[in-house]
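Peer 1: One structure coming up, written as structure tokens, with questions to follow.
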Amino acid sequence: MSDTEKGKPKKKDSGKIFLEEISKSPLTVTILAIVTGLLLGGLLVAVTSEDVYAAFSDSPWEAVKIGANAAWTTYQALFNGSVGNPSKIIDAFRGGDPETIRRAVNPFFESLVQSTPYIFAGLAVALGFRVGLFNIGAEGQIFIGATTTVIAAIFLKGLPAIIHVPISLLAGFVGGGLWGFIPGWLKATTGGHEVINTIMMNYIAFRLSEFLLRGPLKDPDGFIPVSADIQDSAKLFRFFDNPIRFHIGFFIALLFAYLVYLLLFKTTWGFTLRTVGANPRAAKYAGMSIVKSTVLAMLLSGGLAGLAGANEVLGVNHNLAVAFSSGYGFDAIALALIGKSHPLGVVLAAILFGFLRNGAIQMQLTAGIPIDIISVLQAAILAFIAAPAIIRTLYRLKEPDMDIDAVTLRGWGGN
Amino acid sequence: MATTTMNNHMEFVSPTRRRVIGFIFLGLAILLWGLFARDIGPDALTTFRLTPGGSEQELPNWVFTSLPMLNILAVVSAVVGGYQLARGFGKRTNLMLGMVVAMFLFGFLTWATSGGSLNLAGLFRSALVKAVPLTLGALSGVLCERAGVVNIAIEGMMLTGAFTGAFVGSVTNIWIGLLAAVLAGALLGAIHAVLSIKYKTDQIISGTVINIFSAGITSFLSAKFLQKYQHLNDPGRFPTIEIPVLSDIPFIGPIMFQHNMFVYALYIFLIVLTVGLYYTRWGLRTRSVGEHPKAADTLGINVFRTRYLSVILGGCMAGFGGAYFTLGSVGRFDEMMTAGRGFIGLAAMIFGNWNPFGSFGAGLLFGFFDALSAKLAILKVPIPSEVMLMFPYIATMVALAGVVGRGQMPAADGQPYEKE
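Protein sequences appear in the order of chains A and B. Residue numbers for the first sequence follow this note's numbering, so the first one is 117 and each next one is one higher. Residue numbers for the second sequence follow this note's numbering, so the first one is 8 and each next one is one higher.
This is how it looks when you write it as structure tokens:
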């Protein structure tokens, strides 16, 4: 503005343009949202620390120092828990004992193990978003997928692993897919909103899996509601010996992320799906079937979530227990949005969430900070991502020229 | 858009719907006869006790022979179904549907109890108690959605209300705890309002933020403080008050008027909200903002202010409903103690057609199934309790699919308003 007022349009230097580009980029908002979320988490640790209040009687400054220290210790524990303790790793490699090495590097691999169901579930929610559908039912689809998987993995006997593993995964995909298909079909034929129906289907799934685990699926030799162990031939391949649980599921998840990318961005079907999501009226005008797209999208979305359940059963737990998923499906909503509903973004966000979750378990043990703090972090990050104006105001960023990746959703009425 | 709204408000029953409902009636009649009546001997007796446990009132037991009762119920259902198929009940279709379903449930209880006894009054009382948090949650939804803001954060608001009520109630006294719970709900309502009205965040995402946040913060603080210092988690409970004259009414008195203050507050809220929404200027304005904000704006109604007010009031209601868990029911906070009841409240709101008394009816029905599932073990009925607990969710999906009549959801529900 001032340039033109003076009447001599000064050429901006490249550095300034670069800064402006960064300021406008949606990626900047994402990163700042994550950083701000982490800062808020640190603040929460500080203000809930009893030592801080004890120190207040000495001097407020002392209290601030102790609070900052508490936050630092927490995040250090989070880092050591999710990536591994660097000095321990170096010592282990110097010592050369394979088991010590495995123990030292285990946190890193365990975080990847935690990321795997997040990738599947995040892809499920993201695929829905791309088609303008809000699949809140990933959690239920995970349960049903895990249930159908465990049935295939226990009761099919005598198959070689090369056949048994894909069949079990397929069972999970079909189970979850069915759980996504029903709300999709209801939306397409009756207009019943998928948000309500997927919430309802979640609870039906929880009750159903409870019923099955207390009755038909319960391990006949056990007393608690847990299924029997799956056949060895259905277990996903693990790369290392105990305690590292890192298994091939992670790479299967990456493969599916690539497949979803191909489907959405490189095929006619994907183009149809995205058009229906972005502008259903235009899609209809162009002769695309909204009914077919809605049903297909929910089916695939449910199937992907079902794979998250299958992955947990075949790769990690090797059985099915009540409430085994503990919120992967709900966190997936947050991470799909953080990843801008793009498969690559989802994979990165899922890895972030996996590291956070695994680190938080260690943090609880070593720093005494309840694991639930990561839910607070996720909520804060999600709020900032969903309302980028907050971050832009906070850090005085420039408005972007156009919000390219805005998620388009519609109200209850479905029109 | 406009045409669908028009259709929603017409009292017209389509021929398809008439036939579907007629067949439902006939189907229930056949089930009554085939499943229940044929299953029991001609001399089996059903005994319903009419005095809930702990009540001073003494009513004689209601004893009757099961088989004739079931036959009568089946015949009446069949006749109603036949009339529905032939002529149709027109406007009264939903009323008849409710009656036939009630007859079916009564038939079910008669069959399940034949040869034994069941405390009917206790069952109804427990259904009402279980309906309280569901209905309060549903009323929170009604307040928000009538003004056009979708609230799926009822669960989170209730959880935070429950925690705040327990914590503040323990530190101070129970009334201040209740006030704090309401304020905590209001605060979350305000966050939901700012995110969805000012920042135009998708309302479902904003609700999800609040749900995740509430689950995290309450569990975090509970693990950090309440579990360590038990005296911070001992707020006490509101005492049971017997309403003088009303509690002496036979059968109904002990069921409806021997409760703590939450139940009476619910009665009051139901009346106040119904009158407020349908008979006052505030209600008309709120509903018009939910139906057609642009028209409301043209008429000089401040859409934003109306929506802010409604969502914050909705938050208050959810906070109050959350306080029921800690201050009205359990007397202590447990992590994730609302256990999805906020979502059933959302379901009750939809099933109850975005209307206070409708929500209460849905809440009672859902509460009834919850109460019944606890009694099934005693009755030795071969239905697993988990299946019984699925009922509210399935019923809501059926209702949403339009089988029992298209819901009259506010037309602008979920759409952010942009002033031009």
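Cβ atoms here follow ideal geometry from the backbone N, Cα and C, with glycine treated the same way.
1) Confirm, please, whether the CB-CB distance from A/E428 to A/L262 is below 8 angstroms.
2) I'd like to know whether the C-beta of A/H486 is nearer than 8 angstroms to at least one C-beta of chain B.
3) According to DSSP, is B/V27 part of a helix, a strand, or is it coil?
4) Since A/A186 contacts A/D167 with CB under 8 angstroms, what's their CB separation in whole angstroms?
5) With distance defined between alpha-carbon atoms, name the residue in A/I507, A/K514, A/R512 and A/E515 nearest to A/I147.
6) Three-state secondary structure (DSSP) at A/E515?
7) Where does A/S175 land, buried or exposed, given buried means 16+ other C-beta within 10 angstroms?
8) Where do the ends of the alpha helix (DSSP H) carrying A/H280 lie?
9) In this structure, does DSSP put A/S441 in helix, strand or coil?
10) On a CA-only basis, which of B/R56, B/I79, B/V82 and B/A51 is nearest B/T72? Give me that one, please.
11) Judging by CA-CA distance, which residue of B/L74, B/T333 and B/T58 is the nearest neighbour of B/N68?
12) Cβ of B/P22 less than 8 angstroms from any chain A Cβ?
13) Starting from B/F227, find everything on chain A with Cβ-Cβ shorter than 9 angstroms and list it in chain order.
14) Do B/G163 and B/I217 have their C-beta atoms closer together than 8 angstroms?
15) Run the CB neighbour count on B/F375, radius 10 Å, all protein chains shown included, and call it buried at 16 or more, exposed below.
16) Apart from the five residues just before and just after B/S21, which ones in its own chain have a Cβ nearer than 8 angstroms to its Cβ?
17) Does DSSP put A/K132 in a helix, in a strand, or in coil?
18) With a cut-off of 8 angstroms, does the C-beta of A/Y319 fall near any C-beta of chain B?
19) Which residues bound the alpha helix (DSSP H) around B/S21?
20) Using a Cβ cut-off of 8 angstroms (strictly closer), state whether A/E326 contacts chain B.
21) Starting from A/N395, find everything on chain B with Cβ-Cβ shorter than 9 angstroms and list it in chain order.
22) Starting from B/N126, trace the beta strand (DSSP E) in both directions and tell me its first and last residue.
23) Going by DSSP, what residues sit across from A/V342 in a beta bridge?
24) Would you identify the three-state DSSP class for A/F250, choosing helix, strand or coil?
25) On a CA-only basis, which of A/A399, A/N318 and A/A483 is nearest A/S442? Give me that one, please.
26) Per DSSP, what kind of secondary structure is B/V70 in: helix, strand or coil?
27) I'd like to check one pair, B/V87 with B/V70: are the Cβ atoms closer than 8 angstroms?
28) Since A/I534 meets chain B, which of its residues come closer than 8 angstroms, beta carbon to beta carbon?
29) Name the two residues that bound the continuous alpha helix (DSSP H) containing B/F170.
30) Would a C-beta distance cut-off of 8 angstroms place B/I181 and B/F269 closer than the cut-off?
31) Can you find a C-beta in chain B that's less than 8 angstroms from the C-beta of A/R323?
32) So the beta strand (DSSP E) A/I364 belongs to, where does it begin and stop?
33) What separation, rounded to the nearest whole angstrom, lies between the Cα atoms of A/A399 and A/V392?
34) Say whether chain B places a C-beta atom closer than 8 angstroms to the C-beta of A/L513.
35) Under 8 angstroms by Cβ, that's how I've got B/G155 and B/D420 pegged, so tell me the actual separation to the nearest angstrom.
36) Under the DSSP definition of a beta bridge, which residues are partnered with B/Q265?
Peer 2: A quick look at the data gives this:
1) Per the sequence shown, residue 262 of chain A should be read as Ala rather than Leu. Yes; because the gap between Cβ atoms is below 8 angstroms, this pair is in contact.
2) A small fix is needed here, since residue 486 of chain A is Pro in this sequence, not His. So yes, A/P486 belongs to the interface.
3) In the structure shown, B/V27 adopts helical secondary structure according to DSSP, grouped into three states.
4) With 8 angstroms as the limit, A/A186 and A/D167 qualify as a contact, their Cβ atoms being about 7 angstroms apart.
5) A/I507
6) coil
7) exposed
8) A277 to T306
9) coil
10) B/A51
11) B/T58
12) Chain A contact via Cβ: absent.
13) L160, T164, I485, P486, I487, D488, I489, S491 and V492
14) yes
15) buried
16) Nothing meets the Cβ criterion.
17) helix
18) yes
19) For B/S21, there is no enclosing alpha helix (DSSP H), since its DSSP letter is neither H nor E.
20) yes
21) Ordered by position in chain B, no residue passes the 9 angstroms Cβ test against A/N395, which lies about 16 angstroms from the chain.
22) Where B/N126 is concerned, the enclosing beta strand (DSSP E) stretches over S124 to N126.
23) A/A437
24) coil
25) A/N318
26) strand
27) no
28) With chain A running from 117 to 531 in the structure shown, residue 534 of chain A is simply not present.
29) I161 to V178
30) no
31) yes
32) Note, A/I364: premise wrong, no beta strand (DSSP E); not H, not E.
33) 5 angstroms
34) no
35) 5 angstroms
36) The beta-bridge partner set that DSSP reports for B/Q265 consists of B/E249.
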